[in-house]
Structures are given as structure tokens and as C-alpha cells.
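Since the structure comes first, as C-alpha cells, the remarks are kept for the end.
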Amino acid sequence: MKMEVHATPEEVMRAVEALREFGRVKQLPDNVVFGLALALEECGCNIVQHALGRDARRKFQVAVECRSAQILIELRDAGPEFDVTGFTKPRAPAHEDEAIGGWGIPIVRRYTDAIQYRREGNENVLLLIKHIDEPSAGRFKA
Amino acid sequence: MPLVIQTETGSNALAAQTATLRLSGSLDTATAPELEAQLVTLLAGPIKELVFDLAGLSFISSAGLRVIAQARKQLRERGGLASESRFSKT
Chain P
292 MKMEVHATPE
302 EVMRAVEALR
312 EFGRVKQLPD
322 NVVFGLALAL
332 EECGCNIVQH
342 ALGRDARRKF
352 QVAVECRSAQ
362 ILIELRDAGP
372 EFDVTGFTKP
382 RAPAHEDEAI
392 GGWGIPIVRR
402 YTDAIQYRRE
412 GNENVLLLIK
422 HIDEPSAGRF
432 KA
Chain S
1074 MPLVIQTETG
1084 SNALAAQTAT
1094 LRLSGSLDTA
1104 TAPELEAQLV
1114 TLLAGPIKEL
1124 VFDLAGLSFI
1134 SSAGLRVIAQ
1144 ARKQLRERGG
1154 LASESRFSKT
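Protein chains in written order, with this note's numbering: chain P, 292 to 433; chain S, 1074 to 1163.
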């Protein structure tokens, strides 16, 4: 599945819905698709807000595929270079009120098995990798 | 997927300090601003206690949690509280 996504929250959710549909067609486990939907939304929002400045005329690309026992989600944008894998977890908040925000990258890490970043020409290329357990891997459609 | 927000508040002065927001659908980056706008209106009143009933949600992301956390912070600052109930998706 490959699609172009305008830099708006609504378009990010269109990509998330396409991922859900991909999961249904491929018969992927619900809990895996749920986690990847969260991860894709977080990464998409980062691109919309930080890389493309919420400029709805600009677009980024989302590609999802199943390869052996892995689900791969690739996000590609032409924003300024930003390696999300270098993001370090902020210190633990001293008070609950401090904790509002900064949840995006930890959520992505929580629901994926690996995150890879590379700069290709003028593009950021982010790859999210999720392994499927062998019993499930035998179920999904390649 | 849209977000549906149903608000219940009490009719007398004391009961008007409490409200329940029943949310259904998807609370995500596209729909969280709708909840945020509704909360601005609601919290402009005398509300001291707010319950978010999440039973009808099929999806909630950090964008939605952020709005709920902001409301909780606002209420705490005025001596009130917010709580969440019944979200079961894992």
C-alpha cells in the first residue's frame, strides 16, 4: 500500500485508516494494527507539524508492506533533516502537570520493534518495523 | 472516523458543577480539536468535576490524551478534578 498524504491532521488519519484496511485485508492481528496505527499517527503528526509546517499544499508519502514475518511502514518527507531515532526520552516529570506532551516518540517505540532513519537526497526516510509472532505470521496473507 | 461528544450536566446550581462527557468514535489528531473546543466552553462555566466516559471510543491517541490531561490540569488549578472511565481497547 502506497499513498501520498497532504500535511493536515485529517490526511494523517486517512493514512491511518488505510493502514487499518491493509491490516484487515492481510488478516494481521488486531493488537498489532492498533499499535501501528498509533505509531503511524504520531510519526505523521510530527511530519505535518515539524517537517512540513502544517502547509496543506505539501505532501509526504506513506508505504506499508508485509515482508516475511514483518510489517514495514515507510514515511518519506522533504522537510529539514531530522533523525527521530536520536530523540532521547525527557527526564521524568517532577509533577503530573509537566507530563502533558512529549509522548509521541515513546509511543512509537512502544509499539514497534525497530525504527530506522536515513536521509536520502533531500528527504527524511523513516522506517517502522514490527515483527509478527510466528503463529500469527503463518496466518497473514503475503 | 468521526468523534461524537455527548455532554451531561446537572440542572441545579450544585449539580452544574459536575459534567460527564461521553465520547464515541475516534479521538485522534483530527478530532481532538473538537473536544478541545467543547472543553473551552464547558470549563468557562462553574464545572469542578468532569468525567470522561470513554466506553464508546474505538481509538484514542496521544493527541486525545493531551486534551484530557490539559482539562485535568485546568480543573486542578481551580480545586476540581477530572477522571476517565471505561476505555477497554488495548
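Backbone N, C-alpha and C fix where the C-beta goes; we use that ideal spot for every residue, glycine too. All values reported here derive from a predicted model rather than from experimental measurement.
Rounded C-alpha distance that separates residue i from residue j
i: P/PHE378; j: P/ILE396; result: 8 Å
i: P/HIS341; j: P/ASP374; result: 12 Å
i: S/ALA1092; j: S/THR1080; result: 7 Å
i: S/GLN1111; j: P/GLY412; result: 44 Å
i: S/ALA1144; j: S/SER1156; result: 10 Å
i: S/LEU1076; j: S/THR1104; result: 6 Å
i: P/VAL296; j: P/GLU312; result: 16 Å
i: P/ARG409; j: P/VAL303; result: 21 Å
i: P/ARG349; j: S/LEU1115; result: 35 Å
i: S/SER1158; j: S/SER1084; result: 23 Å
i: P/ARG367; j: P/ASP404; result: 19 Å
i: P/TYR402; j: S/PHE1132; result: 15 Å
i: P/LEU310; j: P/LYS293; result: 10 Å
i: P/LYS421; j: P/ALA354; result: 14 Å
i: P/GLU372; j: P/VAL416; result: 10 Å
i: P/ASN322; j: S/GLU1109; result: 28 Å
i: S/GLU1150; j: S/PRO1106; result: 22 Å
i: P/VAL324; j: P/ILE338; result: 21 Å
i: P/LEU343; j: S/GLY1137; result: 22 Å
i: P/VAL307; j: P/GLU332; result: 6 Å
i: S/ASP1126; j: S/ILE1078; result: 10 Å
i: S/LYS1121; j: S/ARG1095; result: 17 Å
i: P/PHE351; j: P/THR299; result: 10 Å
Bridge partner(s) assigned by DSSP for residue i
i: P/MET294; result: P/VAL353
i: P/ILE406; result: P/LEU419
i: S/LEU1094; result: S/THR1080, S/PHE1125
i: S/LEU1100; result: S/ILE1133
i: S/ALA1155; result: S/LEU1123
i: P/GLU411; result: P/GLU414
i: S/ARG1145; result: None, per the DSSP bridge assignment.
i: P/GLY358; result: The residue asked about is misnamed: residue 358 of chain P is Arg in this sequence, not Gly. DSSP, once it has assigned bridges, lists P/GLN361 as partnering P/ARG358.
Under the three-state DSSP convention, the category residue i falls into
i: P/LEU327; result: helix
i: P/GLN318; result: coil
i: P/GLU365; result: strand
i: P/ARG345; result: coil
i: P/GLU372; result: coil
i: P/PHE378; result: coil
i: P/MET304; result: helix
i: P/GLY393; result: coil
9 Å Cβ cut-off: residues of chain C touching residue i
i: P/MET304; result: Judged by its chain identifiers, the structure shown contains no chain C, and its protein chains are P and S.
Practice task
Could I get the ranges of all uninterrupted alpha helix (DSSP H) runs contained in the region 1105-1136 of chain S, with 4 residues as the minimum, in chain order?
Solution key: 1105-1116
Practice task
Residues of the region 331-353 of chain P with a CB closer than 7 Å to any CB of chain S: list them in chain order, please.
Solution key: GLU332, GLU333, CYS336
Practice task
For the region 395-406 of chain P, enumerate the residues whose C-beta is nearer than 7 Å to any C-beta of chain S, in chain order.
Solution key: GLY395, ILE398
Handout entry: Positions along the region 1117-1139 of chain S whose CB lies within less than 8 Å of some CB in chain P
Key = PHE1132, SER1134, SER1135, ALA1136, LEU1138, ARG1139
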